[in-house]
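Student:
Number of protein chains: 2
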Amino acid sequence: MTETDTARWLTADEQRAWRALAAVLVKLPAALDAQLQRDAGISHFEYMVLAGLSEAPDRTLRMSDLAVFASGSLSRLSHVVTRLEQRGWVRRERCPSDGRATNAILTGSGWEKVVASAPGHVETVRQLVIDPLTRAQLGNLREIGRRLNNRIDPDGALG
Amino acid sequence: MTETDTARWLTADEQRAWRALAAVLVKLPAALDAQLQRDAGISHFEYMVLAGLSEAPDRTLRMSDLAVFASGSLSRLSHVVTRLEQRGWVRRERCPSDGRATNAILTGSGWEKVVASAPGHVETVRQLVIDPLTRAQLGNLREIGRRLNNRIDPDGALG
DNA sequence: GAGAGTAGCTTGAAGCATCAAGTAAGCGAA
DNA sequence: TTCGCTTACTTGATGCTTCAAGCTACTCTC
Numbered sequence: 000m001t002e003t004d005t006a007r008w009l010t011a012d013e014q015r016a017w018r019a020l021a022a023v024l025v026k027l028p029a030a031l032d033a034q035l036q037r038d039a040g041i042s043h044f045e046y047m048v049l050a051g052l053s054e055a056p057d058r059t060l061r062m063s064d065l066a067v068f069a070s071g072s073l074s075r076l077s078h079v080v081t082r083l084e085q086r087g088w089v090r091r092e093r094c095p096s097d098g099r100a101t102n103a104i105l106t107g108s109g110w111e112k113v114v115a116s117a118p119g120h121v122e123t124v125r126q127l128v129i130d131p132l133t134r135a136q137l138g139n140l141r142e143i144g145r146r147l148n149n150r151i152d153p154d155g156a157l158g
Numbered sequence: 000m001t002e003t004d005t006a007r008w009l010t011a012d013e014q015r016a017w018r019a020l021a022a023v024l025v026k027l028p029a030a031l032d033a034q035l036q037r038d039a040g041i042s043h044f045e046y047m048v049l050a051g052l053s054e055a056p057d058r059t060l061r062m063s064d065l066a067v068f069a070s071g072s073l074s075r076l077s078h079v080v081t082r083l084e085q086r087g088w089v090r091r092e093r094c095p096s097d098g099r100a101t102n103a104i105l106t107g108s109g110w111e112k113v114v115a116s117a118p119g120h121v122e123t124v125r126q127l128v129i130d131p132l133t134r135a136q137l138g139n140l141r142e143i144g145r146r147l148n149n150r151i152d153p154d155g156a157l158g
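Protein chains in written order, with numbering that gives the first Met the number 0: chain U, 0 to 158; chain Y, 0 to 158.
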């Protein structure tokens, strides 16, 4: 790239910050996925689905709410829930109060799966994200994340 | 999840920081991919490959070096370069000094592709990452990223 | 200089994500 | 009560990623 572009390029400082973030963006999800795949045989997205259900009242959530929680499309969730159903961890049920909606429900063995895989996942998060940062940096990270999310997705698809 | 696990759980502050980062991890790559796909018809990974070559001497890089640069597996890169070759942006050449190695070379039209798509990409990075942060936060971000990358991948597969 | 071992890359198959299209239920107005 | 629109979800096809296996070319040892 030449330095004479008309577009606003990044300064050296800006580039350093961006490159650091970009590397995290690529490697951290890969590391989290790898741990879950290795220790529990599930993807991070599948974990999010199971964990989301495990925290919901009656361990039940509408597909569309669950999709928002897991930050995925309804289509992706539908395919994933199909697989989780085949593995016996989730079942579907037509929503009684709205015939269009489908509830996803965590089964007993799905609950056990979450209980079994959560500690390892949390431990990984702690090792890779929490422990290397100071308390002040954790605060900074939270505020930085808040601002970025606000910009990326102002309707904040999260509670 | 119960509160009585023996594993170290996350405190409220830690969770807030982690959730903020987790949301960025999911949404920022999606936003960057979406912009490049929409405006240039390429994925972020393809962009990284083209951009990597565009900055290399003779616009040429060994496949394995390029894979490290783009933070992807050699296999993934090989498939992607095949597609980029079909689109006329890259060509392969047996490395003269080591017959096992393959050099990927950016073609003229590949160079034009990078020149055409870079400003839009940089502008998106600026809008989503740089602009919403203060100068101090950019500094914090850089140091946070540095620490996380150090932990995730101590052999820092980056220059 | 031959054989064993390694490095660098490619390939094919299997699995997963995404996209576009389709179905079915609810809702609103005439 | 029926027509059209919207919501909620599912499905099938396509394309990308990953994984395991394979193929050369190089290197080292004897």
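All C-beta atoms in this analysis are idealised placements derived from N, C-alpha and C, irrespective of residue type, glycine included.
Just so you know, these numbers come straight off a predicted model, no measurement behind them.
For chain Y, is any of its Cβ atoms less than 8 Å away from the one on U:Q160?
Tutor: With chain U covering only 0 through 158, there is no way to say anything about residue 160 of chain U.
Student: With 8 Å as the threshold, decide whether the Cβ of Y:G144 is near any Cβ in chain U.
Tutor: Translated into positions along the second sequence, residue 144 of chain Y becomes position 145. Interface residue, yes.
Student: Using 8 Å as the limit for Cβ to Cβ distance, is Y:D12 near chain U?
Tutor: Working through the second sequence from its first residue, we reach residue 12 of chain Y at position 13. Closer than 8 Å to some Cβ of chain U, the Cβ of Y:D12 qualifies, so yes.
Student: Just reading off the alpha helix (DSSP H) that Y:R93 is part of, what are its end residues?
Tutor: Along the second sequence, one-based indexing puts residue 93 of chain Y at 94. Segment V89 to R93 is the beta strand (DSSP E) holding Y:R93; no alpha helix (DSSP H) there.
Student: Going by other Cβ atoms of all chains shown within 10 Å of its Cβ, with 16 needed for buried, is U:G144 buried or exposed?
Tutor: In the first sequence, residue 144 of chain U corresponds to position 145, counting from 1. U:G144 is buried by the Cβ-count criterion.
Student: For chain U, is any of its Cβ atoms less than 8 Å away from the one on Y:K112?
Tutor: For this step, residue 112 of chain Y is matched to residue 113 along the second sequence. Not one chain U Cβ lies under 8 Å of Y:K112.
Student: For chain Y, is any of its Cβ atoms less than 8 Å away from the one on U:A30?
Tutor: In the first sequence, residue 30 of chain U corresponds to position 31, counting from 1. Yes - at least one Cβ of chain Y is within 8 Å of the one on U:A30.
Student: Assign U:I133 to one of three DSSP states: helix, strand, or coil.
Tutor: Numbered from its first residue, the first sequence carries residue 133 of chain U at position 134. Here residue 133 of chain U is Thr; the residue named in the question, Ile, does not match the sequence. Looking at U:T133 - three-state DSSP - the assignment turns out to be coil, as it is neither helix nor strand.
Student: Counting C-beta neighbours from all protein chains within 10 Å, is the total for U:H78 16 or more, i.e. buried, or is it exposed?
Tutor: If you number the first sequence from 1, residue 78 of chain U lands on position 79. Exposed: under 16 other Cβ atoms inside 10 Å.
Student: Run down chain Y in chain order and give the residues with a C-beta less than 8 Å from the C-beta of U:R15.
Tutor: Along the first sequence, read from residue 1 onward, the residue named residue 15 of chain U stands at position 16. Near U:R15 (Cβ distances below 8 Å), the residues of chain Y are R141.
Student: What do you reckon, are the CB atoms on U:L35 and U:Y46 nearer than 8 Å?
Tutor: Counting from one through the first sequence, the residue named residue 35 of chain U turns up at place 36. Counting from one through the first sequence, the residue named residue 46 of chain U turns up at place 47. Their beta carbons are under 8 Å apart, which means U:L35 touches U:Y46 by this criterion.
Student: Within this structure, are the beta carbons of U:L105 and U:L52 separated by less than 8 Å?
Tutor: Taking the first sequence and counting its residues from 1, the one referred to as residue 105 of chain U is at position 106. Taking the first sequence and counting its residues from 1, the one referred to as residue 52 of chain U is at position 53. Their beta carbons are under 8 Å apart, which means U:L105 touches U:L52 by this criterion.
Student: Select from the stretch 67 to 88 of chain U all residues with a C-beta closer than 7 Å to any C-beta belonging to chain Y, and list them in chain order.
Tutor: Flagged, chain order: S70.
Student: Got a sec: is the Cβ-Cβ distance from U:V48 to anything in chain Y below 8 Å?
Tutor: Position 49 of the first sequence, counted from the first residue, corresponds to residue 48 of chain U. Closer than 8 Å: no.
Student: Rounded C-beta distance between Y:A19 and U:R141? I'm assuming under 8 Å.
Tutor: On the second sequence, position 20 is the one that residue 19 of chain Y refers to. On the first sequence, position 142 is the one that residue 141 of chain U refers to. That belief holds up - the Cβ atoms of Y:A19 and U:R141 are roughly 5 Å apart, short of 8 Å.
Student: Between U:N160 and the rest of its own chain, which residues show a CB-CB distance below 6 Å, the 5 nearest in sequence each way excluded?
Tutor: Here chain U comprises residues numbered 0 to 158, so residue 160 of chain U is not present and cannot be evaluated.
Student: Whole alpha helix (DSSP H) runs in the stretch 29 to 108 of chain U with 4 or more residues, listed along the chain?
Tutor: Within the stretch 29 to 108 of chain U, the complete alpha helix (DSSP H) runs of at least 4 residues are 43 to 54, 62 to 68 and 73 to 85.
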